[in-house]
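Residue numbers (the working numbering), protein chains in the order written: chain A, 6 to 144; chain B, 6 to 144.
Here the structure is laid out as structure tokens; the discussion comes afterwards.
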DNA sequence: TATCTTATTGAAATAATTACAACTTTATTA
DNA sequence: TAATAAAGTTGTAATTATTTCAATAAGATA
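So, in structure tokens, the structure goes:
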């Protein structure tokens, strides 16, 4: 059992979800590839190394992570859910040309809180779309 | 032809999309019911009065409105697209208890622009989730 | 009014996600 | 360490939102 495996097992235990080989691989993939992957992208990549992997398991694991607060869903597009292991407050920018998703800092306190004084806020998402610098240059 | 019909025909013409009875009814529904309805909600409501209405037509019309800048898509939930005739900058709050969606003002300039200096931004969405005051009281 | 373009319709296709039941693995405790 | 209970994994099938497509109808233009 290598160090990162041990670390992941600890994280799972602390969050009250059971460890398993599959979950560690899925979480490991997300930690290493911060591309905000879809469930299908994770499945396609891991099936090469875990031939018995089921797509249902990927969905189950991702849902477990989200419930445990280890990941968040990014619904910047209406036809697919993406997953992000960075659960701290930040915004997401999707390039309409290359499709890549960029993180950017957001000062959430600065977003009009007065109108929402009487609301309990559990989740904050800021989604921008446009063209990234790389794609602007290639035009 | 009543006044609002005439107004809608003008709006469509100005935006370069063709007028039709169905489109005017769909746009009329959205203008009267600012609940950020789904395509299905619009369809279910209008089929009572337009028995030949097709769900495909609802989707086609909504897409036409969005392309023409007459509506925006609200993807606050990953399994359904909602539509909003208010295309001005504002945030959306979804109550996780009653499901209602509330609008709230957002100062978009205040959202960290430095990191995105070199990006062209076409669309800005702010989605919050939590519990609305009404549901907090009923607890 | 004739004609061209665009909208509407409904059935079928697509694609993402979930439900479910059988089986396997993990964690717990004796 | 072995037995047991609880939870995870798998694959198929179901579900749901949305799109495709070809035929038909309606709107715009001259």
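Glycine residues also receive a C-beta, built at the ideal position from the N, C-alpha and C atoms.
Could you tell me how far apart the beta carbons of residue i and residue j are, in whole angstroms, since I believe they sit closer than 8 Å?
i	j	result
residue 88(A)	residue 14(A)	20 Å between Cβ atoms; not a contact.
residue 126(A)	residue 135(B)	4 Å
residue 124(A)	residue 138(B)	6 Å
residue 28(A)	residue 17(A)	7 Å
residue 113(A)	residue 142(A)	Wrong, their Cβ atoms sit about 31 Å apart, outside the cutoff.
residue 78(B)	residue 83(A)	6 Å
residue 63(B)	residue 47(B)	5 Å
residue 42(A)	residue 120(B)	22 Å between Cβ atoms; not a contact.
Using 10 angstroms around the beta-carbon of residue i, count the other beta-carbons present and answer buried if the total reaches 16, otherwise exposed.
i	result
residue 81(A)	buried
residue 105(B)	exposed
residue 12(B)	exposed
residue 115(B)	exposed
residue 132(B)	buried
residue 25(A)	exposed
residue 23(B)	exposed
residue 99(B)	buried
residue 9(A)	exposed
residue 56(B)	exposed
residue 45(A)	exposed
residue 59(A)	exposed
residue 37(A)	exposed
residue 74(A)	exposed
Counting only Cβ pairs nearer than 9 Å, list the residues of chain A close to residue i.
i	result
residue 130(B)	81, 130, 131, 132, 133 and 134
residue 78(B)	83
residue 137(B)	123, 124 and 125
residue 86(B)	83 and 84
residue 141(B)	123, 124 and 125
Taking residue i as part of the alpha helix (DSSP H), name the residues at either end of that continuous run.
i	result
residue 70(A)	60 to 73
residue 33(B)	26 to 37
residue 142(B)	138 to 142
residue 54(B)	Unbroken run through residue 54(B): none, as it is neither H nor E.
Please list the partners that residue i has in chain B, where partner means a Cβ-to-Cβ separation under 9 Å.
i	result
residue 92(A)	Ordered by position in chain B, no residue passes the 9 Å Cβ test against residue 92(A), which lies about 14 Å from the chain.
residue 60(A)	Under the 9 Å cutoff, chain B gives no residues; its nearest Cβ is about 16 Å from residue 60(A).
Would you give the residue range spanned by the beta strand (DSSP E) that residue i belongs to?
i	result
residue 120(A)	Per DSSP, residue 120(A) belongs to no beta strand (DSSP E) and is neither H nor E.
residue 100(B)	96 to 100
residue 79(B)	77 to 82
residue 87(B)	85 to 89
residue 108(A)	106 to 109
Which chain A residues sit within Cβ distance under 7 Å of residue i?
i	result
residue 70(B)	Within 7 Å Cβ-Cβ: nothing; residue 70(B) doesn't reach chain A, min ~15 Å.
Exercise. Can you list, in chain order, the residues of the stretch 106 to 119 of chain A whose Cβ is nearer than 7 Å to any Cβ on chain B?
Worked result: For the stretch 106 to 119 of chain A, the set of residues with a beta-carbon nearer than 7 Å to any beta-carbon of chain B comprises 109, 110, 111, 112, 115, 116 and 117, in chain order.
Problem set entry | Short-range partners of chain B found in the stretch 21 to 38 of chain A, where Cβ spacing is below 8 Å | In summary, no residue of the stretch 21 to 38 of chain A has a CB separated from any CB of chain B by less than 8 Å.
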